[in-house]
Amino acid sequence: MIKTKTIFAALAVVGALLAVPAFAAEAESGGDHAVEIEKQNWTFGGIFGTYDEHQLQRGFQVFREVCSNCHSARLLAFRNLSEEGGPGFSEEQVKALAAEYQIADPTAEGGRRPGVAADTWPSPFASEQEARDANGGALPPDFSVLAKARGVTDPFPFWVFNYFTAYQEGGVDYIYNLLTGYHEQPPEGVELTPGRHYNEVYPSHQIAMAPPLQDGLVDYVEGEEGVSVPETLDQYARDVSAFLMWVAEPHLVSRKEAGFRVLLFLVLFAGLMWATKNRIWKGIEH
Amino acid sequence: MATQIEHQQTRRDFLYVATGAVGAVGVAAAAWPLINQLNPDASTLALATIEFSLDGIEEGQSVTILWRGLPVFVRHRTPEEIEAARSVSLAELKDPQTDEERTKEGHEEWLVMIANCTHLGCVPVGESGDFNGWFCPCHGSHYDTAGRVRRGPAPANLVVPPYEFLSDSLIQIG
Amino acid sequence: MSEHSTYQPGNGAEKWLDDRLPAVRFAKEHLMDFPTPKNLNYWWTFGAILVMCLVIQIVTGVVLAMHYTPQVDLAFDSVEHIRRNVNGGRVIQAVHSVGASMFFAAIYVHIFRGLYFGSYKAPREVLWMIGVLIFVTLMATAFMGYVLPWGQMSFWGATVITNIFSAIPIVGDPLLQLIRGGFAVDNATLNRFFSLHYLLPFIIAALVVLHIWALHVPGNNNPTGVEVKSSRDTVAFHPYYTMKDLFAAVVFLIPFAWFAFFAPDILGHPDNYIQANSQVTPAHIVPEWYLLPFYTILRAIDFNVLFINSKLGGVIAMFGSMIVLLILPWLDRSPVRSGNFRPMFRWFYWLFVINFIALGYLGAQPAEGIYVLIAKLCVAYYFAYFLVILPVLSRIEMPRPLPASISESVLGKAHS
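As given, the protein sequences belong to chains G, E and C, one line each in that order.
So the first sequence is numbered by my numbering: it starts at 1 and just counts up by one.
So the second sequence is numbered by my numbering: it starts at 1001 and just counts up by one.
So the third sequence is numbered by my numbering: it starts at 2001 and just counts up by one.
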């Protein structure tokens, strides 16, 4: 008979063999040196998360005034801006906003017409090639699902905890860190390719996008309650990241609210089923 | 003893009924979204209402626009067409409707109608037919200058969609 | 166990139907009266849970197919259209993608239950083999389904996995073109994957019917592995196991709902939210978690063996890992079924479980450094378990004494 102790020892060795490289190489698995993504507190995180309307409005303003000059958002419709669970603009505001933009429409005279609420955000460039030509060969990614197209990889055991906290904010954590992660000068020994900028969290550290934000860049429209926030790079980064999360997940709030009700129901129903099953099985040896 | 068993039975039955009821609610709550997804989605509903500018449509001119996937005639009628429409007695009409009922007060020169023949759906041809209105070539229905059916197999007048004037030159359909 | 049916039609209409199509009789015999061992534990509820998963996937899938467009320029946007515009679309889509993961979680539990309790042994060999067939068909279905959103992982996963067919000598390249419908994964591939993804679940449903039929001939196995001796060992399937299965299914829905409503994308990969681009390869191409163990086996063979190059070797190993499951009933010849009475077997079994989890973990790591060696060790153990350990154990193991019957084993356990 194989001794129990021997078996445990063998298992421990196997476990160690797996765990040690996991801890050591986890940073490597990102494909480069350990990148520290600082997780942020987002109002929409966790099972009770919601969007902050005012933050989304500010984020939209940053998007509109700064980012949309290069970045498209082709799945964002103007009407989304007045829908529930979003920035909460009124339908009139959305109608006026849409009319400011020219939409390509082959049935319209001259091929273009003013936008309506049903239209989607027009691209700043007529084609991919034009976008690249205007940006040193790099294509500014579309914003529609960008917050879900990026993420952070946590080492074991932290990724397990993420399942229990329902962590879905890896994309916006990355985006916020990227926007605030520019260095004026690259660190010692790093030579910047011309046209590139040094960024802490970008995978190759050399990003084609110039730092898009700076203090005081956007003059925030004052909200209804007169709540004012600092007009700093950090604030802009936070607000536009939150806005991007909403663009990617416009139904987040209703989804989480429904989820809470569904889970409550299931727990209640499981309790009833448990009692029913026990009652039925009472007296049976099993 | 009998009462105790009865009690147990009532309690047991209540449990089963309660569980069954909760389960039924769960099934219904799960089934509803699966049915509701068949309903028009948000992007379709967004186009349920459109605004259209009447600028540039001269007297005697018609344009055909798209609304909810259907073609819609927008015609700027001449005074003669309006006069002809108003001088028809209701007794002559298969589908009695006055011209006033088919136009908006103060904007009688404008006729807005869904461009599908009420017979089987073909798009009638404008400024033709025996009544100077529309003629459907598919099965020979004739419509007058108010879009009312005068002859042929079509059972009803060309449908006037819900619309209103936002200004003298802007209408909202739907 | 096709016993004499005790069904008596209640009224004239029932008798009329019974004379023409005994569906009610059949249902009563197989879904209600069927004598089931009374000592089944909760590991046995996963069969019913799997049926629920299949129904959920088919229902949500048919709904998604009403709004999805299987064309390379439109597919990605059509899935977003479902999430954004279709009524309830965000949740229906999330249930379908999370549902695939839950389906595999359940099927792995179900398979490992079978491995532990010897459910694959005579006279249940055909039942087991149909099960392996269902598992493989499920993997194919899930693989093709993942391609449909046409994200980066969809495209590159399809490219890498269809590429393995080119490893087959002589017919490899023509076969690859046949499968893809072109020289690369493109619109032809997407369209046929959509068609087959819609078809295969119904093949699975048919296999499930055969699976349950094959089960009902010998009847269920049970935790002791001792066959049913008399009616004292069994209870009617309804209401005892219908209600127990329903309870387990509701509990199963709790983590399902947790993921679907609160973390729908946590089991997926962010790169699949980037539209497929044949010019840009993602840094790490990773299949969904449930295919990782087999991906590891495929990648682990990075050396040539005689005339078999490493690519072909990997393909042989991967398919071999499924074939070895198929022939398991003839590899493990121990007359004792249940691991509960096989003390030596238990150690190797649990090591197999840990090893399988390790294979899964390794599949997500880059094929570099120490991972390469560990992967080979884990693959070696996987095959050794079936081809060496189980056959040897059959001969040398001293099992614990078995209970005389099921009812004897549960004596004194009545819950009042």
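Quick reminder that beta carbons are idealized off the backbone N, C-alpha and C, glycines included.
Within the same chain, Cβ atoms closer than 8 Å to the Cβ of E:V1072 are found at T1064, I1065, L1066, V1112, M1113, I1114, A1115, P1161 and I1173, the five residues on either side in sequence being excluded.
When Cβ-Cβ separations below 7 Å define contact, C:V2132 makes no contact with chain E. With fewer than 16 other Cβ atoms inside 10 Å of its own Cβ, C:P2123 counts as exposed.
Between the C-alpha atoms of G:T153 and C:I2389 there is a straight-line separation of about 37 Å. In chain order, V2098 place their CB closer than 6 Å to the CB of C:F2259, counting only its own chain and leaving out the 5 sequence neighbours on each side.
Considering only beta carbons, the part of the stretch 223-256 of chain G lying closer than 7 Å to chain C consists of P250, H251, R255 and K256, in chain order.
Following the DSSP letters along the chain, one finds E:Q1172 inside the beta strand (DSSP E) bounded by residues L1170 to I1173. Taking 7 Å as the cut-off, the Cβ atoms of C:F2352 and C:P2399 do not count as close. For G:I103, the uninterrupted beta strand (DSSP E) segment begins and ends at Q102 to A104. By the C-beta criterion, the stretch 2085-2099 of chain C is judged to be in contact with the stretch 1031-1045 of chain E, since at least 3 inter-stretch pairs fall below 8 Å. One finds D1041 and S1043 in chain E with Cβ atoms closer than 8 Å to the Cβ of C:H2081, taken in chain order.
Listed by position along chain E, the residues whose Cβ is nearer than 9 Å to that of C:N2087 are P1033, N1036, Q1037, L1038, N1039, P1040, D1041 and A1042. Contact between the stretch 145-152 of chain G and the stretch 2266-2274 of chain C is present: three or more C-beta pairs spanning the two stretches fall below 8 Å. For C:V2126, the CB contacts under 8 Å within the same chain, skipping 5 residues up- and downstream, are A2214 in chain order. Annotated as distal: C:P2022 and C:K2015, with beta-carbon spacing of 7 Å or more. Counting along the chain, the unbroken alpha helix (DSSP H) around C:F2259 starts and ends at T2242 to F2262. A residue is called buried once 16 or more other Cβ atoms fall within 10 Å of its Cβ, and C:N2277, having fewer, is exposed.
Judged by DSSP in its simplified three-state form, G:R113 adopts strand. A Cβ of chain G is located within less than 7 Å of the beta carbon of C:A2263.
Bridge partners of C:T2036 according to DSSP: C:V2235. For C:R2090, the closest Cβ of chain G is nearer than 7 Å.
Counting only the Cα atoms, C:E2227 lies some 10 Å from C:A2404. Taken in chain order, the members of the stretch 267-283 of chain G whose beta-carbon sits within less than 8 Å of a beta-carbon on chain E are L268, F269, L272, M273, A275, T276 and R279. Between the alpha carbons of G:A99 and C:P2070 lies a distance of about 33 Å.
Taken through DSSP and simplified to helix, strand or coil, G:H197 comes out as strand. It is roughly 52 Å from the alpha-carbon of G:Y174 to the alpha-carbon of C:N2039. Taking 7 Å as the cut-off, the Cβ atoms of G:H251 and C:R2337 do not count as close. Close to E:G1026, with beta-carbon spacing below 7 Å, are these residues of chain G in chain order: F265 and F269. The contact set of G:Q168 on chain C, defined by CB atoms closer than 7 Å, consists of A2263, D2265 and I2266 in chain order. The Cβ-Cβ distance between E:S1141 and E:C1117 falls below 7 Å. Ranking G:A73, G:A77, G:Q61 and G:K39 by CA distance to the CA of E:L1045 puts G:A77 first. Spanning the alpha carbons of G:E200 and G:T193 requires a straight line of approximately 15 Å. The DSSP-derived three-state label of G:F44 is coil.
Every unbroken stretch of the beta strand (DSSP E) spanning 3 or more residues and falling wholly within the stretch 1069-1117 of chain E is given here in chain order: 1070-1076 and 1110-1114.
One alpha carbon belongs to C:F2303, the other to G:H205, and they sit about 35 Å apart. By the criterion of a C-beta distance shorter than 8 Å, E:R1068 is surrounded in its chain by L1047, A1048 and G1174, once the five residues flanking it on both sides are discounted.
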